[in-house]
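Peer 1: Numbering (numbering that gives the first Met the number 0) for the sequence shown: 0 to 353.
This is the structure I want to talk about, given as structure tokens.
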Amino acid sequence: MQNRQQLEPGFQYLLVTDALRGAGQLRQLKVGIGVLCFSIVLFAGATQFIPLGPQGVWPRSIQAIAAAVAVIVGLCWIMFPWPSRRGMVAFVIWADVTLAIAAATFSDPTARLSAVVYLSLVGLLPTFFLGRRALVIHCGFALALFGVLVTMNILVDGATWSSQFTYGAPALAAVVLMPAIIQVVLEGGRDSILAAAVSANRDPLTGLLNRRGVTTAIDLLHQDRIDAVNVVVVLMDVDGLKELNDTRGHGAGDEILKAVAAMLTARTRVGEIAARIGGDEFLVVAFPGRAEDIESTVRRVSTPRAGIDSWSVSVGAAWQSRTGGGIDLDSLVQQADYELYKVKSSRGMLDPQH
Numbered sequence: 000m001q002n003r004q005q006l007e008p009g010f011q012y013l014l015v016t017d018a019l020r021g022a023g024q025l026r027q028l029k030v031g032i033g034v035l036c037f038s039i040v041l042f043a044g045a046t047q048f049i050p051l052g053p054q055g056v057w058p059r060s061i062q063a064i065a066a067a068v069a070v071i072v073g074l075c076w077i078m079f080p081w082p083s084r085r086g087m088v089a090f091v092i093w094a095d096v097t098l099a100i101a102a103a104t105f106s107d108p109t110a111r112l113s114a115v116v117y118l119s120l121v122g123l124l125p126t127f128f129l130g131r132r133a134l135v136i137h138c139g140f141a142l143a144l145f146g147v148l149v150t151m152n153i154l155v156d157g158a159t160w161s162s163q164f165t166y167g168a169p170a171l172a173a174v175v176l177m178p179a180i181i182q183v184v185l186e187g188g189r190d191s192i193l194a195a196a197v198s199a200n201r202d203p204l205t206g207l208l209n210r211r212g213v214t215t216a217i218d219l220l221h222q223d224r225i226d227a228v229n230v231v232v233v234l235m236d237v238d239g240l241k242e243l244n245d246t247r248g249h250g251a252g253d254e255i256l257k258a259v260a261a262m263l264t265a266r267t268r269v270g271e272i273a274a275r276i277g278g279d280e281f282l283v284v285a286f287p288g289r290a291e292d293i294e295s296t297v298r299r300v301s302t303p304r305a306g307i308d309s310w311s312v313s314v315g316a317a318w319q320s321r322t323g324g325g326i327d328l329d330s331l332v333q334q335a336d337y338e339l340y341k342v343k344s345s346r347g348m349l350d351p352q353h
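Set out below in structure tokens:
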């Protein structure tokens, strides 16, 4: 996966969660979010007994339903694994909508505006996990909600503009300004996590993904990226690298490895994976284009560039079509590794197996 892709939101989400998991903090955060969901029950229960809370059957029923759903969501956070990025987006949407509905059910104008403050807690999730664009959408929703509530307070309940400003300005600052400021502060910390995670996922010599990075990238492909008809896995061994290191030194061997990496960077397309997974071993996960067949794809990502490259590789490849169902990338890697094993003693191209 090329450098330009490592900042994609989905890849960022995977890297951040992987870093938190490695630090042993992901489970604590997961449980903490579940507990916050349970707190909605306490919040809804307390408001049933105050004059400013919901009045009437429908407002009370709506808050009760929201509280019941919050219990289910909280249990899911505690009992199930950490969600995918799409799951996190769905949770943020649910939390925003639930808190907005709960705020609208209050009978007092000031209570409605005060309830909007709880959206600031939700805003921390897009700030750290989902990125700037998601935070902008969240803050835009909060501003729209604020506008609707102020309009309802003035037109329906006869509130004054001055009273709305007095109670609404702090709420607006907490919901919009505070997450924006935290975004600026956390971006430095988040970028540090991303930098460390990217470093851990990349080969320092070639800049390609390493074996761990391939695992992360394949997870991303499983979730969001496999939309091609065919998937091709190519494994390559650089021919004669050991002899070159012995006769001309490791510096010469390193230059060959860098040249192979440069070829892979130039030949792989957006969404494809290029990695160095061993001393002289490289891996590519490629997707044939509309005008490509399987063999052409293998040659595209494994043939030295004419007039530029002076090295050769032994190649093992395997492919699978999506027409029969999902893609098992782990199995393809094993098949390609077996095919490479059979031809390691000779140069040239191996016909892809499937």
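Note that the Cβ used here is the ideal one computed from N, Cα and C, for glycine as well.
If we call anything under 7 Å between Cβ atoms a contact, is Ser364 one with Val314?
Peer 2: In the structure as shown, the chain starts at 0 and stops at 353, and residue 364 therefore has no counterpart that could be examined.
Peer 1: Within the chosen definition, does the region 112-131 reach the region 72-81 through at least 3 CB pairs nearer than 8 Å?
Peer 2: no
Peer 1: From the DSSP output, which residues share a beta bridge with Val284?
Peer 2: The count along the sequence shown starts at 1 and reaches residue 284 at position 285. Val284 is bridged to Val232, Ile272.
Peer 1: Based on Cα-Cα distance, which residue from Ala89, Leu123, Ala66 lies nearest to Ala102?
Peer 2: Sequence index remark: in the sequence shown, residue 102 carries index 103 (1-based). For the residues Ala89, Leu123, Ala66, the minimum Cα distance to Ala102 belongs to Ala66.
Peer 1: Do Lys343 and Asp236 have their C-beta atoms within less than 7 Å of each other?
Peer 2: To locate residue 343, count along the sequence shown from 1; it is residue 344. To locate residue 236, count along the sequence shown from 1; it is residue 237. Their beta carbons are under 7 Å apart, which means Lys343 touches Asp236 by this criterion.
Peer 1: Does the beta-carbon of Arg224 have 16 or more other beta-carbons within 10 angstroms, so that it is buried, or is it exposed?
Peer 2: Residue mapping note: residue 224 aligns to position 225 of the sequence shown, counting from 1. Bear in mind that a pLDDT of 46 at Arg224, under 50, signals an unreliable position, so the model cannot answer this.
Peer 1: Name the DSSP beta bridge partners of Leu208, please?
Peer 2: The residue you call residue 208 lines up with position 209 of the sequence shown. Answer is Arg201, Ala274.
Peer 1: Once DSSP output is grouped into helix, strand and coil, what is the label at Asp223?
Peer 2: The residue you call residue 223 lines up with position 224 of the sequence shown. Low local confidence applies: a pLDDT of 46 at Asp223 is under 50, so the model's placement there is unreliable, with the coordinate-based value given in what follows. Three-state DSSP puts Asp223 in a helix.
Peer 1: Suppose contacts are defined by Cβ-Cβ distances below 7 Å. Is Gln163 in contact with Thr104 by that definition?
Peer 2: By 1-based counting over the sequence shown, the position of residue 163 is 164. By 1-based counting over the sequence shown, the position of residue 104 is 105. Not closer than 7 Å, so no.
Peer 1: Is DSSP giving Val237 helix, strand or coil here?
Peer 2: Along the sequence shown, read from residue 1 onward, the residue named residue 237 stands at position 238. It is a strand residue.
Peer 1: Tell me the rounded alpha-carbon separation between Ala260 and Val332.
Peer 2: The residue labelled residue 260 in the question sits at position 261 within the sequence shown. The residue labelled residue 332 in the question sits at position 333 within the sequence shown. Spanning the two alpha carbons is a distance of roughly 19 Å.
Peer 1: Would you call Val183 buried or exposed, if buried means 16 or more other Cβ atoms sit within 10 Å of its Cβ?
Peer 2: The residue labelled residue 183 in the question sits at position 184 within the sequence shown. An exposed status is given to Val183, since fewer than 16 other beta-carbon atoms sit within 10 Å of its beta-carbon.
Peer 1: Excluding the 5 residues preceding and the 5 following Ile307 in the sequence, name in chain order all residues of the same chain whose CB lies nearer than 7 Å to its CB.
Peer 2: In the sequence shown, counting from the first residue as 1, residue 307 sits at position 308. Excluding sequence neighbours, Ile307 sits near nothing in its chain.
Peer 1: Can you give me the Cβ contacts of Leu51 inside the same chain, cut-off strictly under 8 Å, excluding the 5 residues immediately before and after it?
Peer 2: Counting from 1 along the sequence shown, the entry for residue 51 is found at position 52. Same-chain partners within the cutoff: Phe105, Ser106, Asp107, Thr109, Ala110.
Peer 1: How long is the line joining the alpha carbons of Leu98 and Leu118, rounded to whole angstroms?
Peer 2: As a first step, residue 98 must be located in the sequence shown, where it is residue number 99. As a first step, residue 118 must be located in the sequence shown, where it is residue number 119. Cα-Cα distance, rounded: 7 Å.
Peer 1: What number of angstroms, rounded off, separates the C-alpha of Ala335 from the C-alpha of Val297?
Peer 2: Locating residue 335 in the sequence shown gives position 336, counting from the first residue. Locating residue 297 in the sequence shown gives position 298, counting from the first residue. Distance between the alpha carbons of Ala335 and Val297: 12 Å.
Peer 1: Are the C-beta atoms of Val237 and some chain C residue less than 7 Å apart?
Peer 2: Any reference to chain C falls outside this structure, which holds one protein chain only.
Peer 1: For Val15, does the count of other Cβ atoms within 10 angstroms reach 16, so buried, or fall short, so exposed?
Peer 2: On the sequence shown, residue 15 is found 16 positions in, with the first residue counted as 1. Classification for Val15: buried.
Peer 1: Which residue from Ala251, Val283, Gly278, Trp57 puts its Cα closest to that of Arg266?
Peer 2: Within the sequence shown, numbered from 1, the residue matching residue 266 stands at position 267. Nearest C-alpha to Arg266: Val283.
Peer 1: Which first and last residues belong to the alpha helix (DSSP H) in which Gln27 is found?
Peer 2: Along the sequence shown, one-based indexing puts residue 27 at 28. Here the alpha helix (DSSP H) through Gln27 covers 25-46.
Peer 1: I'd like the ranges of any alpha helix (DSSP H) spanning at least 4 consecutive residues and lying wholly in the region 75-116.
Peer 2: 84-103, 108-114
Peer 1: To the nearest angstrom, how far is it from the Cα of Ala179 to the Cα of Arg247?
Peer 2: Residue mapping note: residue 179 aligns to position 180 of the sequence shown, counting from 1. Residue mapping note: residue 247 aligns to position 248 of the sequence shown, counting from 1. Straight-line Cα distance between these residues: approximately 56 Å.
Peer 1: Taking the straight line between their C-alpha atoms, what separation do you get for Val96 and His137?
Peer 2: What you label residue 96 is simply residue 97 of the sequence shown in a count that begins at 1. What you label residue 137 is simply residue 138 of the sequence shown in a count that begins at 1. Straight-line Cα distance between these residues: approximately 10 Å.
Peer 1: With distances taken from CA atoms, which of Ala43, Thr264, Pro169, Gly139 is nearest Leu208?
Peer 2: Within the sequence shown, numbered from 1, the residue matching residue 208 stands at position 209. Taking only the C-alpha atoms, the option nearest Leu208 is Thr264.
Peer 1: If you compare alpha carbons, which of Gly31, Gly33, Pro58, Ile32 is closest to Gly44?
Peer 2: To locate residue 44, count along the sequence shown from 1; it is residue 45. Comparing Cα-Cα distances from Gly44 to each of Gly31, Gly33, Pro58, Ile32, the minimum goes to Pro58.
Peer 1: Between the C-alpha atoms of Val72 and Val213, what's the straight-line distance to the nearest angstrom?
Peer 2: Along the sequence shown, read from residue 1 onward, the residue named residue 72 stands at position 73. Along the sequence shown, read from residue 1 onward, the residue named residue 213 stands at position 214. Whole-angstrom Cα-Cα distance: 32 Å.
Peer 1: Under the DSSP definition of a beta bridge, which residues are partnered with Val314?
Peer 2: In the sequence shown, counting from the first residue as 1, residue 314 sits at position 315. Answer is Met235.
Peer 1: Between the C-alpha atoms of Leu171 and Glu254, what's the straight-line distance to the nearest angstrom?
Peer 2: For the purposes of this step, residue 171 is taken as residue 172 along the sequence shown, with counting starting at 1. For the purposes of this step, residue 254 is taken as residue 255 along the sequence shown, with counting starting at 1. Using only the alpha carbons, I get a separation of about 57 Å.
Peer 1: Relative to the C-alpha of Leu134, which candidate in Leu234, Val175, Phe145 has its C-alpha closest?
Peer 2: Walking along the sequence shown from the start, residue 134 turns up at place 135. The residue with the shortest Cα to Cα distance from Leu134 is Val175.
Peer 1: At 4 residues or longer, and completely inside the region 138-193: list those alpha helix (DSSP H) runs for me, N to C.
Peer 2: 160-171
Peer 1: For Ser320, name the three-state secondary structure that DSSP assigns.
Peer 2: Indexing the sequence shown from 1 puts residue 320 at position 321. Looking at Ser320 - three-state DSSP - the assignment turns out to be strand.
Peer 1: Taking the straight line between their C-alpha atoms, what separation do you get for Tyr12 and Ala199?
Peer 2: Looking up residue 12 in the sequence shown gives position 13. Looking up residue 199 in the sequence shown gives position 200. C-alpha of Tyr12 to C-alpha of Ala199: approximately 15 Å in a straight line.
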